Amino acid sequence: MCVSVRGHLRFVPVRHPTHHWWAGAAAALLLAACAQASAATPPTDVAGGHLERSDQVLSDVDPTASWLAPEMSGVPGAGAVTLVVAANAPVPTTAVAAPTMRPAGERTVTTLVGGVDRRWMLVVPPNTTERQRLPLLIVLHGVGGKGPAMQRLGFDKLAAPAGYIVAYPDAFGGSWNDGRPGMEPLVGSPVDDVAFLRELISRSVAEAGADPTRIAIAGFSNGALMASRAACDMTDQLASVVLVSGAGPRDMTQRCKPSRPLPIMVVFGTADTVVPYEGGQVANSGGKSRGQVAPVREMLDIWRGVNGCTNSESVPIAASSPAVTAVRGTGCRADVVHFKVTGGGHDWVSNTWFDTTTEAWRFVSTHL
């Protein structure tokens, strides 16, 4: 230990019956520190007078005295080495390794779900580390589409600076198994798209650093109907859902049993001739029946009930064409927002007055 002897810091070895292998090394370091501190500080007495240097080693220090480290008295091994940091003594530092950066950019991921080959494009934002957990937005295409084609909507440009991952999965055979009765392309199909979405989330969490508590899904048309099914069947894994030109299957009231409130946003044109706003038969495609859907109001009523809304209010969006009205649930435990596009068709609306991507991003980012 370092002890002041007539104004000088001196190193005094402290003996203890328990000897540690590192005691010798620590003593050498302390001896050097004491010598440096003593050389840097001229010896003076309390009145400023000169004191002669003493080379005598103190021999009357009790190595077991409790004043050396009162808080350690009675603790086995206490006092074996007592460190006293001298003024101006150098403090050793330990270098901290820089965090590992996560590879950014696009990549295709493949997997096998229920014996069916599935794939999706994953877009990871730049400048994130392996330790970070990132929100994940899954974007679902319509009938006959492909995941990467949905990149044209512009989510990547919004997600990158915000540090969000975006996934663009492909439906098997071009159609999502959204649960519509009479959906001929999927009658008797082994495809389980709920299981597929769960696998996509699991892989994204394990391999890309997605945060399992911050997952959102947005979909268009058949993709919106699939997102609606996911909201009903895997509520526990989602933070918010956005539906555009798609609501739910005809028997949604009987089938949709969410496990908890969930923020829902719906954009729908009242003059949609593909997926009717008032429900009913979906327009045939390729000579095959596309099944039946529920009215938008029915789907909204389900979620207003689940989310505990007490009422709703309508706020027109100024100067919009076609006319867009925001219908919001009030008193809700989770938001229910419907952008009603009066006279609008089967479309992802984007114009001067209303941009679906911007509104969808605002909604999703608010709830992730």
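Numbering (my numbering), first residue to last: 1 to 368. Glycine residues also receive a C-beta, built at the ideal position from the N, C-alpha and C atoms. Predicted model only: the values in this text are computed from it and were never measured.
Check whether the Cβ atoms of residue i and residue j sit closer than 7 angstroms, and answer yes or no.
i	j	result
threonine 110	methionine 121	no
proline 295	glycine 305	no
serine 289	glycine 223	no
valine 244	valine 274	no
alanine 195	valine 113	yes
alanine 334	asparagine 311	no
leucine 140	glycine 219	yes
cysteine 309	valine 336	yes
tryptophan 176	methionine 226	yes
alanine 159	leucine 368	no
glycine 345	glycine 269	yes
arginine 328	glutamate 313	yes
Excluding the 5 residues flanking residue i on each side, which residues of the same chain have their C-beta closer than 7 angstroms to its C-beta?
i	result
glycine 105	Val124
glutamine 281	Gln292
serine 204	Leu122, Leu136, Ile165, Ala167 and Ala210
alanine 149	His141
methionine 252	Ala294, Glu298, Met299 and Ile302
Does any CB atom of chain C fall closer than 7 angstroms to the CB of residue i?
i	result
asparagine 222	No chain C is present in this structure, which holds just one protein chain.
Below 8 angstroms CB to CB, which residues in the same chain sit around residue i once its five sequence neighbours on both sides are set aside?
i	result
threonine 213	Ala239
threonine 128	Met101, Arg102, Ala104, Leu134, Gly163 and Gly209
serine 350	Thr356 and Thr357
phenylalanine 363	Ser240, Val242, Pro263, Met265, Asp335 and Val337
threonine 235	Pro258, Ser259, Arg260 and Leu262
For residue i, which residues in the same chain have their Cβ closer than 6 angstroms to its Cβ, ignoring the five residues on either side in sequence?
i	result
alanine 65	Confidence in alanine 65 is poor, its pLDDT being 40 and thus under 50, which makes the residue's placement too unreliable to answer from.
proline 276	none
glutamine 56	Bear in mind that the predicted position of glutamine 56 carries a pLDDT of just 40, short of 50, making it unreliable; the figure below should be weighed with that in mind. Closer than 6 angstroms at the Cβ level, and outside the excluded window around glutamine 56, lies no residue.
valine 324	Ile317, Phe339, Val341 and Phe354
aspartate 178	Leu225, Met226 and Arg229
State the beta-bridge partners of residue i as determined by DSSP.
i	result
arginine 328	Glu313 and Val337
leucine 134	Ala210
phenylalanine 220	Val244
isoleucine 226	Note on residue identity: the sequence assigns methionine, not isoleucine, to residue 226. Paired residues: none, contrary to the question.
methionine 265	Val242 and Val337
methionine 183	Arg290
serine 202	DSSP output for serine 202 lists no bridge partner at all.
serine 350	Asp355
proline 169	Trp120
Does the segment 226-235 come close enough to the segment 252-267 that 3 or more CB-CB pairs lie under 8 angstroms? yes
Could you tell me which whole beta strand (DSSP E) segments of length 3 or greater appear in the segment 279-320? 311-316
Is it a yes or a no for the segment 126-133 touching the segment 142-156, going by three-plus beta-carbon pairs under 8 angstroms? no
Flag this pair as touching only if the segment 341-351 and the segment 178-190 have three or more C-beta atom pairs under 8 angstroms; answer yes or no. no
Please give me, in chain order, every unbroken run of the beta strand (DSSP E) with length at least 3 that falls completely inside the segment 100-167. 105-113, 116-124 and 134-140
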